[in-house]
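> Below is a structure I'd like to ask you about.
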Amino acid sequence: MAIDPICGMTVDPARALRAERGGETFYFCCPRCRDTFLAAGPPEDWKPPPLVPLGSPASVTAPQLTSSCCHPPDASTPPREQRVPDRHATATAPRYVCPMCPGGESPHPGDCPECGMALEPAPPLAAGGERLVYTCPMHPEIERTEPGTCPICGMDLEPKSVAAATPEDPELRGMTRRFWLAAALSVPLLLLAMGPMLGIPLDHWLGRTAAAWLQAALATPVVLGCGWPFFVRGARSLVAGRLNMFTLIAIGTGAAWLLSTAALLLPHLIPAPFHVHGAPPLYFESAAVIITLVLMGQVLELRARRQTSAAIRELLSLAPDRARLLKDGREHLVPLDQVQAGDILRVVPGDKVPVDGIVLRGSSAVDESLLTGEPTPVEKSAGDRVIGGTLNQTGALEMRAERVGRETVLAQIVELVSRAQRSRAPIQHVADTVAAWFVPMVLVVAAAAFAGWWWWGPAEARLAYAFVSSVSVLIIACPCAVGLATPMSIMVGVGRGARTGILIRDAAALETLGRVQLLVIDKTGTLTAGRPAVQELLPVEEWTDRQLLELAAAVESLSGHPLARAIVAAARQRSVEIPPASAFESLTARAVTADVNGRRVTVGGPRWLDEQALAPPENLRRRTQSLQQSGHTVLFVVVEGSIAGMLVLTDPIKPTTPAAVRTLHALGLRLVMLTGDNAGAARFVAERLGLDEFHAQVTPQDKHDYVVAARRSGTVVAMAGDGVNDAPALAAADVGIAMGTGADVAIESADVTLPRGDLRGITRAILLSRATMRNIRQNLLFAFLYNALGLPIAAGALYPLTGWLLSPMFAAAAMSLSSVSVIANALRLRTIRLE
């Protein structure tokens, strides 16, 4: 980055204006600064100030060179020494661009130096300063770096990445402006054309010729001006061979306007069968009102589509703008993007935790509900992890930043939700197949309607009837309603899940989740709290409690298993000094072993003891059986092949688990528990919760094989777990559900992540899936029925029975509201109950 010598702003040399003086190149933010420089120049001793992070002891002072700078100081402009460029300046600085000149860009409002047009606010940048990528909600494979329209369906593209603040939408602004102008011209036009039917003979008062020319004067700006984007999109679709909704609109309204113009200018060329009441008919009001109603539909649709990203904006708004950085014994309020890993931060009551990190000092209750869906605040003290975006409630905390920027949990959640919202569900293929044939089919139906009225219509005006019916067919058809049915529901459903603490990887997982028949569950951390505690120490005669715990903690300090963490925590609570261990080895689901103080120490369960043919003393053997039957976990400590004693651990069932199990049974799921724990502990938990089946002392391979076998039998299987040993089974299941309190590898292998790690999240996820799929089926049914009924009615199917022929204006109103109705139905998912 470079510094503008006139105003001191940070500029990108690749895009900035430049000038040379004295063999040195200077860069400028706008033409005004460059002109000032060329007229006067900087002082002889001026040097570009160095770039330093905000809050650094080094100050940056750029001399005020001229009062004619394009950045007049005001109350909101900080002193120059505080306006220090940072590495994210390009992401936060406002930009203004010219709507005509691709290169016309400035950080300030004004006129384009090339063409003189007023600069407009540029589309916002994505997080991190990258240019936004625009995509189509119906065709996510379409990506563009600038706003525009989809080359397949003609819909307005929307940003793929959502900004925290709702940016001004240039497409919505333009469509709204066009709609109000079209409405202002169409209302008097409609009165002029329909006045005689209402008893207001305006054409008689003005004269037929004057009234006709006035209709043309009112309709032409609407059709060729306000409706011009539709003709452009329709022409592009014809050139590309991708017929879409705008193809039909352009053909229908264009034909109505052209026939009316020909009837006005060259009435003698209009064949008699086209005449109505002895004169060529005018369809100016139909063409204009159709354009107006389509514009209204576009405005309503764009507004509704913006609401589908509300969940991501809500997540983005969790991140605070600034952080309290502790440096050199002082507190500095710095922008969030300048916080780096290792920084020490202070979080006072009422502040949001700025980034992910570890509490160093203090204790407080932290509200994590907007990330986990759990309303109860979580107590945090020294050594606990805190998540960026959560709300500190009661006490002050000092924390060390560990993950910043895109590495934070919040940033990863936003990325996950954004990707999932743009993914395609398998059911989308139905809509894609229909959409591929839809527009050609409509053109065939319109041609058939025209031919039918030509041959069998009233002799006095059969071509007029044929024209009206064919235009109505073209206008009432709405392929967008079919195309939007699935992606809109997916976007809202995924967002609704994120707000409830359900993170879904893609639309396919959301669709499959509702069809799950078998739920395979791990025990530790899923059904139980996942935070076991050492309840009892039982050493043999030559060992003490302290020695036993010291050796076990030394080995387990190199493991990440929940039982290992419990043993290490117990040693620290008892102030036991943990010696270093080396040559660590994990015998998965059986034991861990390492060298401690020159001796080989192994910590393992009864199964490993049996494999090694080691027999515990009789008193420990009897105690082991009774403890396992009551749900406890027993681990033996073996030193150089001799049993040193036994540790008794307990992991209580989560309070919310029994109710969640009952709900899952009520939803029709079969529940099977697979655990590496002993049979007694497994049986105790399974009987206590009323599970359908359980298997104890299983290995990760056993879990994987069980899931694969169940799927081969035709059962739709979901697997829920939180440990490294669950990852193979999670990947093998139709839907893998990671309990977010567990290992990163489990989360990476999963299709659904529950940050809170609560079994109730699975019930909510299944209910969300079923509600979303029900919503999609409603949308598809409405879209198919709408078109199946609308096309024959527009073609005149009711005319022989009722004498009623659908007006193209009513067809336009129905078409405009059909897409909006689909989106509105999808938005209902934002308020569904998941209990």
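Following our numbering, the numbering of the sequence shown begins with 9 at its first residue and continues without gaps. Even glycine gets a Cβ: it sits at the ideal position worked out from N, Cα and C. Values in this document were obtained by computation on a predicted structure and should not be read as measured data.
Starting from the Cα of serine 194, find the closest Cα among Ala295, Ser829, Gln786 and give me that residue.
Answer by Cα proximity: Ala295.
> Do valine 307 and phenylalanine 446 have their CB atoms nearer than 7 Å?
No, the Cβ-Cβ distance between valine 307 and phenylalanine 446 is not below 7 Å.
> Could you pull the start and end residues of the beta strand (DSSP E) that histidine 703 belongs to?
Per DSSP, histidine 703 belongs to the beta strand (DSSP E) from 701-703.
> Three-state secondary structure (DSSP) at histidine 569?
Note: histidine 569 maps to coil in three-state DSSP.
> Tell whether a beta-carbon distance below 7 Å holds between methionine 407 and valine 367.
The answer is yes: Cβ separation under 7 Å.
> Going by DSSP, what residue range makes up the alpha helix (DSSP H) through isoleucine 801?
It spans 768-803 - the alpha helix (DSSP H) in which isoleucine 801 sits, taken as one unbroken run.
> Buried or exposed, going by whether 16 or more other CB atoms sit within 10 Å of the CB of serine 826?
So serine 826 counts as buried.
> For glutamate 339, which residues does DSSP report across the bridge?
Per DSSP, Leu334.
> Note down, one range per segment and in chain order, each beta strand (DSSP E) of at least 3 residues found wholly within the stretch 624-683.
The qualifying runs are 641-647, 650-658, 678-682.
> According to DSSP, is methionine 407 part of a helix, a strand, or is it coil?
Three-state DSSP puts methionine 407 in a strand.
> What are the uninterrupted segments assigned as alpha helix (DSSP H) that are 4 or more residues long and contained completely in the stretch 397-445, given in chain order?
The stretch 397-445 contains these whole alpha helix (DSSP H) runs: 417-430.
> In terms of residues, what are the limits of the beta strand (DSSP E) holding methionine 146?
That residue, methionine 146, is in no beta strand (DSSP E); it is neither H nor E in DSSP.
> Buried or exposed, going by whether 16 or more other CB atoms sit within 10 Å of the CB of glutamine 348?
With fewer than 16 Cβ atoms within 10 Å of its Cβ, glutamine 348 is classed as exposed.
> Which same chain residues end up closer than 7 Å to methionine 304 when comparing Cβ atoms and leaving out the 5 residues on each side of it in sequence?
Phe187, Ser824, listed in sequence order.
> Mind reading off the beta-carbon distance from valine 647 to arginine 607? Whole number of angstroms is fine, and I expect it under 8 Å.
Right, their Cβ atoms sit about 6 Å apart.
> Is the Cβ-Cβ distance between alanine 674 and alanine 687 less than 7 Å?
Their beta carbons are not under 7 Å apart, which means alanine 674 does not touch alanine 687 by this criterion.
> By Cβ distance, which residues of its chain are closer than 6 Å to alanine 561, with the 5 residues on each side in sequence left out?
Here the set comprises Ile575, Val576, Ala579, Ile586.
> In angstroms with no decimal places, state the Cα-to-Cα distance between aspartate 844 and serine 325.
Limits of the chain in this structure are 9 at one end and 843 at the other, which puts residue 844 out of reach.
> Can you round the beta-carbon distance between alanine 443 and glycine 491 to whole angstroms, since I take them to be within the 8 Å contact cut?
Yes, alanine 443 and glycine 491 are in contact; Cβ-Cβ is about 5 Å, under 8 Å.
> Cα separation between glycine 249 and alanine 243?
Each residue's Cα considered, the two are about 10 Å apart.
> Classify glutamine 346 as buried or exposed, calling it buried when 16 or more other Cβ atoms lie within 10 Å of its own Cβ.
Flag for glutamine 346 reads buried.
> Sort Pro159, Ser317, Ala805 by Cα distance to valine 453 and report the nearest one.
Nearest of Pro159, Ser317, Ala805 to valine 453, Cα basis: Ala805.
> Counting along the chain, where does the alpha helix (DSSP H) carrying alanine 718 start and finish?
Alanine 718 -> alpha helix (DSSP H) spans 708-720.
> Please report the distance separating the alpha-carbon of arginine 615 from that of glycine 684.
Rounded to whole angstroms, arginine 615 to glycine 684 spans 10 Å at the Cα level.
> According to DSSP, simplified to helix, strand and coil, what is threonine 810?
Threonine 810 falls in the helix class under three-state DSSP.
> By DSSP, does tyrosine 35 sit in helix, in strand, or in coil?
The answer is strand: DSSP assigns tyrosine 35 an E or B state.
> Report the option in Ala694, Phe475, Trp464 whose CA atom is closest to the CA atom of lysine 531.
Checked all of Ala694, Phe475, Trp464; the closest Cα to lysine 531 is Ala694.
> Just checking my contact of glycine 260 with valine 479 at CB under 8 Å: how many whole Å lie between their CB atoms?
Indeed, because the Cβ distance is near 5 Å, the residues count as touching under 8 Å.
> Kindly indicate which residue of Leu198, Pro362, Leu267 has the alpha-carbon position closest to the one of isoleucine 298.
If we check each option's Cα against that of isoleucine 298, Leu198 comes out closest.
> Does the beta-carbon of proline 862 have 16 or more other beta-carbons within 10 angstroms, so that it is buried, or is it exposed?
No information on residue 862 is available, as it lies outside the stretch 9 to 843 that the chain covers here.
> Out of curiosity, what's the CA-to-CA distance linking valine 548 and valine 656?
Valine 548 and valine 656: Cα-Cα distance of roughly 14 Å.
> In the DSSP output, which residue or residues are listed as bridge partners for valine 528?
Bridge partners of valine 528: Val680, Met727.
> Which stretch, first to last residue, makes up the beta strand (DSSP E) that contains glycine 744?
Unbroken beta strand (DSSP E) run through glycine 744: 743-747.
> Under three-state DSSP, which class holds arginine 608?
Strand.
> Hey, glutamine 636 and alanine 690: beta-carbon distance below 7 Å or not?
Cβ distance not < 7 Å, so glutamine 636 and alanine 690 don't count as in contact.
> What residue range is occupied by the uninterrupted alpha helix (DSSP H) comprising glutamate 293?
Per DSSP, glutamate 293 belongs to the alpha helix (DSSP H) from 292-315.
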